[in-house]
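Per the numbering used here, the very first residue in the sequence shown carries number 110; after that it's consecutive. All residues carry an ideal CB built from backbone N, CA and C; glycine is no exception. The structure appears below as structure tokens.
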Amino acid sequence: MKKLVLAFAMLFAGQLAFAQAWQGKGDQKLQVGFNGYGNGTGVTATYDYGVSNVVSLGAGANFYFDGYRDNNEDNNVFVFGRVNFHLQDALNMPSKWDLYPGLDVGLLGNTFGLGAHLGVRYFFNNNVGAFIEAGNNGSIGLSFNF
């Protein structure tokens, strides 16, 4: 039994040692979380794809529990495209961390929406991490590698 526990502990420790938050071109991330301020409280989902060692393009949607500002049902969803600039290599950050400023452009109900954010990801292992983004819309949640 001790050998089995030790084997699992070593496997888990190995996964932690090789966790990478940003892998550059071809990297894919799915994030799900909660919005805490900005346009309202709700849930968010985003997808990012690495097009170079520094830039990722993606899309996402924020679903607000209480319509943006005026309880108007047309303003419950912000659908957007996004671009992020990953600073991990430029700042010599450990591979588990990813710091990225970015821009969002999309539609909130029937109006044009523009946002900016600064995000941080930390990966616990190769597949699962946590993220937080602050800016026009703040969010926190889980990030998944693909």
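Rank Y231, N235, L251 by C-alpha distance to the C-alpha of Q197 and give the top, closest one. Working through the sequence shown from its first residue, we reach residue 197 at position 88. Of Y231, N235, L251, the residue nearest in Cα terms is Y231.
My guess is that N171 and G247 are in contact by the Cβ rule of under 8 Å, so how many angstroms apart are they, rounded? By 1-based counting over the sequence shown, the position of residue 171 is 62. By 1-based counting over the sequence shown, the position of residue 247 is 138. At roughly 11 Å, the Cβ-Cβ gap does not stay under 8 Å, so N171 and G247 are not in contact.
Go through its chain and collect everything with a Cβ distance to Y173's Cβ below 8 Å, but skip five positions before and after it. By one-based count along the sequence shown, residue 173 stands at place 64. Only N144, N148, G149, T150, G151, N184, N185, V186, F187 meet the Cβ criterion.
Our contact map puts F136 next to G159 with C-beta atoms below 8 Å; I'd like the distance itself, whole angstroms only. Walking along the sequence shown from the start, residue 136 turns up at place 27. Walking along the sequence shown from the start, residue 159 turns up at place 50. The sequence given here has Asp at residue 136, not Phe. Correct: roughly 4 Å between the Cβ atoms.
For N193, which of N236, D207, L216 has the nearest alpha-carbon? Within the sequence shown, numbered from 1, the residue matching residue 193 stands at position 84. Closest option to N193, Cα to Cα, is D207.
Which residues does DSSP pair with G224 in a beta bridge? Residue mapping note: residue 224 aligns to position 115 of the sequence shown, counting from 1. Beta-bridge pairing links G224 to D213.
Cα-Cα separation, G215 to F255: Within the sequence shown, numbered from 1, the residue matching residue 215 stands at position 106. Within the sequence shown, numbered from 1, the residue matching residue 255 stands at position 146. The alpha-carbon atoms of G215 and F255 are separated by roughly 25 Å.
Spatial neighbours of S204 within its chain, please: CB distance less than 6 Å, with the 5 preceding and 5 following residues excluded, ordered by chain position. By 1-based counting over the sequence shown, the position of residue 204 is 95. Counting only Cβ-Cβ distances below 6 Å, and skipping sequence neighbours, we find Q129.
Taking all protein chains shown into account, do 16 or more other C-beta atoms lie within 10 angstroms of the C-beta of L217, making it buried, or fewer, making it exposed? Numbered from its first residue, the sequence shown carries residue 217 at position 108. Answer is buried; the Cβ neighbour count reaches 16.
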